[in-house]
Amino acid sequence: MNTIIDVLRDPSWSPYVVGGGIGVLSWLTFLFSDHPLGISTAFSKTAGMIEKAVRGPKVANKLYYQENKLGVDWGWMLVIGVFLGALVSARISGTFRWEWAPSMWQAAFGTNIFIRLAVAVFGGICMGFGARWGCGCTSGHGISGSMQLVLGSLLSALCFFIGGIGTAMLMYRVL
Amino acid sequence: MFTTLHNNKRLQLALGLLFGFCFGFLLQKGRVCDYEVIMRQLLLQDFTVLKIMLTAMVTGMVGVYAMRGRGWIKLHKKAGSLGTNIPGPLIFGIGFGTLGYCPGTSMGAIGHGALDALVGGIVGILIGAGLYAAVYPKLKGRILNVGDLGDKTLIDVLPVRNPWAVILPVAVILVLVLFSLEKMGL
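Top line first, the protein sequences correspond to chains A and B. Take the first sequence: its letter number 118 is residue 119 in the working numbering, and every next letter is one higher. Take the second sequence: its letter number 29 is residue 34 in the working numbering, and every next letter is one higher.
What follows is the structure, encoded as structure tokens:
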């Protein structure tokens, strides 16, 4: 019993255990929920629901939201679950702490948190826009689509990393 | 299989939460909700992210195709095109490199207290997703249709009868990639 608790408290598991766990989790979501793991659709629904709350019900008539219906569904609950699971994991392993800017960022770009937040918002906008353009993110294409060997997903996963590596190299090696 | 369970909407919402919990727990334990681990992957200094993704891919692929072969599950393949799966993911990549979290690991990062993931990342992703819904009618029927890929898989485009003639070699290659990463000390 103590060993199980020790394992759960361990702040870092082998990537192979974690990867294998995510693979097995995918079996379960296909089997019991008839869904693949995917995150970014829920963000699109949330954006639409917020806009609808502010600007009124006509927002739901937008072509995109007609094709991708607004509302709380399985995938939306999945995203809430990701937050809760990570929160519990960080709490029990004692790694939880409030932080405005990661230390690696501060070492390279200084301690001004507003610069970090501005860059993070910019990154988030690209990510939200790009994930919807590409119909999926690192979970939906990178994990779920790739494991089904879907060509579009494999291509997307490759492009996530091409864009990501190029940008990271530009920021940390050039700037 | 489990069609009654799939149609039970309330239970499915609870299952979504439960599966998400497990996903977030695993991502956090794998340290991939950590800005530094993701950035060091993109700088090609630490291969934790790739190791997790490739292991998940091998494990998931074998299980999902085995269950499909027995008729237990159906696949969920997104139809794609060059105009969808290249420009969108490249823009996503720019976001990946500047934010340092992906949408799922942003949620995970908030779980360990990363406020840049919440105030920056989540807000940005919501704005970006909303902007896309606004411009979608202009892209549809144009660039999104360029170079249609359908929902074809690697198995469909290779001249094989048995899907396992693709799945097993892919699994072997990915395992060899993982072994070589370890060998190189990455």
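Glycine included, every Cβ here is placed at the ideal spot set by N, Cα and C.
Of 93(A), 100(A), 42(A), 97(A), the smallest CA-CA separation from residue 72(A) is found for 42(A). Secondary structure at residue 140(A): coil, using DSSP grouped into helix, strand and coil. With distances taken between CA atoms, residue 110(A) lies nearest to 172(A) out of 156(A), 172(A), 54(A), 128(A). With a cutoff of 7 angstroms on beta-carbon distance, residue 97(B) and residue 128(A) are scored as near each other. With a threshold of 7 angstroms between beta carbons, residue 121(B) makes contact with chain A. In terms of Cβ geometry, residue 57(B) and residue 20(A) form a close pair [threshold 7 angstroms].
Listed along chain A are 13, each with a C-beta nearer than 7 angstroms to that of residue 36(B). C-alpha of residue 155(A) to C-alpha of residue 37(A): approximately 15 angstroms in a straight line. 45, 46, 47, 48, 49, 52, 53, 54, 55, 56, 57, 58, 59, 60, 61, 62, 63, 64, 65, 66, 67: these are the residues of the region 45–67 of chain B whose beta carbon lies less than 9 angstroms from some beta carbon of chain A, given in chain order.
In the three-state reduction of the DSSP assignment, residue 38(A) falls in the coil class.
Rounded to whole angstroms, residue 183(B) and residue 63(A) show a C-alpha spacing of 45 angstroms. With a cut-off of 8 angstroms on Cβ pairs, the region 148–162 of chain A is in contact with the region 60–79 of chain B, counting three or more such pairs. In this structure the region 143–154 of chain B touches the region 83–95 of chain B; the number of beta carbon pairs closer than 8 angstroms is three or more. For residue 159(A), the uninterrupted alpha helix (DSSP H) segment begins and ends at 152–170. Listed in chain order, the alpha helix (DSSP H) elements of length 4 or more contained wholly in the region 38–73 of chain B are 40–47. With respect to the 7 angstroms criterion, residue 187(B) and residue 105(A) are not classified as neighbours on the basis of their beta carbons.
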